[in-house]
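Encoded as C-alpha cells, the structure appears first; notes follow it.
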Amino acid sequence: MEEDKRFISGIVPPSERKGLAWWFAFQGSKLLIYQESDSVNIPCLVDFSELGLAAPSQHYLGHLDGRDCYAVELAEGIAPPQGMTLEGLRQVYGRLDETLFWVATRAVQIVDWDRTHLFCGRCATPLQTKKTERAKECPMCGQLHFPRLAPAIIVVVERGHELLLARSRHFPLGMYSVLAGFVEPGESLEEAVVREVKEEVGLGVKDIKYFGSQPWPFPHSLMIGFTATYAEGKITLEDSEIEDAGWFTAAHLPQIPGKISIARKLIDWFVEKQESSLKKAVP
Ligand SMILES: [Zn+2]
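Just so we're aligned, residue 635 is where the sequence shown starts under the numbering used here, counting upward by one.
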C-alpha cells in the first residue's frame with residue numbers, strides 16, 4: 635500500500651501546545667465526529683477540554699501536515715456534544731479524509747491498549763506508561779508491555795483466468811473473499827500462506843509473492859497481503875470456518891468486500907491484470 639507522508643508518528647508530545655490539534659476521541663471503539671455538508675470530520679481544537687467532556691487519558695500520536703494529533707479515551711456513558719456523533723470506524727470510512735481515517739485506526743488501538751493493559755501480566759502490579767516509547771513498564775518486576783499487534787496473512791490465489799474466493803460463516807449473506815488467517819508463533823509469513831490455504835480449502839500453492847500490507851484495527855491486526863498461484867489439489871472444505879469456496883472469473887464475481895480492505899485491493903489487482911491481458915490479446 636502507498637506510504638502516506640502527511641502523517642509523522644511520534645510519542646513525546648510537544649512541551650507546549652501551539653495552535654490547533656486533531657483530537658481522535660473514542661468511547662469504546664466509536665469515534666467522535668461531526669457532520670460537515672457531505673462528509674464528516676474530527677474535532678480540531680487547541681485543547682480537548684474545550685468540548686467539556688471528561689477524558690480519562692490522552693496519548694500523543696504524532697503530527698499530520700504539521701498539526702499535532704492526540705488519541706483520547708472518552709468515559710463510558712458520556713453523550714456527544716450537540717452536532718457530534720460517535721460512530722464505528724467502518725461506518726466512517728469513505729466519509730472522513732483518508733489520512734485522518736488511518737490516523738484514527740492508530741488512535742483506537744492505542745486507546746484500547748491503554749484501557750486493557752492496566753496491570754502487569756506477570757506480577758499484577760499497576761503499570762506505568764513510559765514517556766519515550768509506546769510501552770508500559772512494571773515498577774515491581776520491570777516487565778515491559780507493548781501494544782498488541784496480531785499479524786495475519788491474506789492471499790489471492792490465481793489459477794489461469796480464475797481466482798479462489800471463499801465464504802466464511804461470519805460473512806454477510808452472499809459475500810465471498812480471499813483467504814486470510816493469523817500467523818502462528820515460529821512461522822514465517824510464507825509458511826502461514828501455505829498452511830492457511832491447505833487448512834481452509836485443501837489446496838497447494840506456489841509462487842508466493844508479497845503484495846502489500848494494511849493495518850486492520852478490528853481490533854488489532856496487521857494484514858500482510860500476498861499473491862500466489864495454484865499448484866495442486868481439489869477444493870475440500872475441512873475448516874469448519876469456511877462455508878463455501880470456488881474458482882471465479884473476473885467477469886463473474888460474487889459479492890466482494892468494500893474498498894476499505896486489502897482483500898478488495900487484492901481482488902481488484904487480479905481483475906485489472908485480467909482486463910489488461912484481454913486488451914493485449916485483442917489488437
Ligand atoms: Zn510485574
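Note that the Cβ used here is the ideal one computed from N, Cα and C, for glycine as well.
query, result
"Identity of the residue in 841, 858, 842, 839 nearest residue 848 by Cα", "858"
"DSSP-derived helix/strand/coil call for residue 793", "strand"
"Distance cut-off 7 Å: residue 759 Cβ against heavy atoms of ligand 1", "yes"
"Distance cut-off 7 Å: residue 777 Cβ against heavy atoms of ligand 1", "yes"
"Validate contact between the stretch 789-797 and the stretch 897-904 using beta carbons, cut 8 Å, 3 pairs", "yes"
"In DSSP terms, what residue 851 is bridged to", "Answer is none; residue 851 lacks a bridge partner."
"Burial state of residue 709, where buried means 16 or more other Cβ atoms lie within 10 Å", "exposed"
"Distance, residue 842 Cα to residue 881 Cα", "18 Å"
"Residue 756: CB within 7 Å of a non-hydrogen atom of ligand 1", "yes"
"Candidates 783, 775, 874, 644: closest to residue 803 by CA position", "874"
"Alpha-carbon to alpha-carbon, residue 750 and residue 826", "28 Å"
"Residue 744 - DSSP class collapsed to helix/strand/coil", "helix"
"beta-carbon residue 772 near ligand 1 non-hydrogen atom, thresh 7 Å", "yes"
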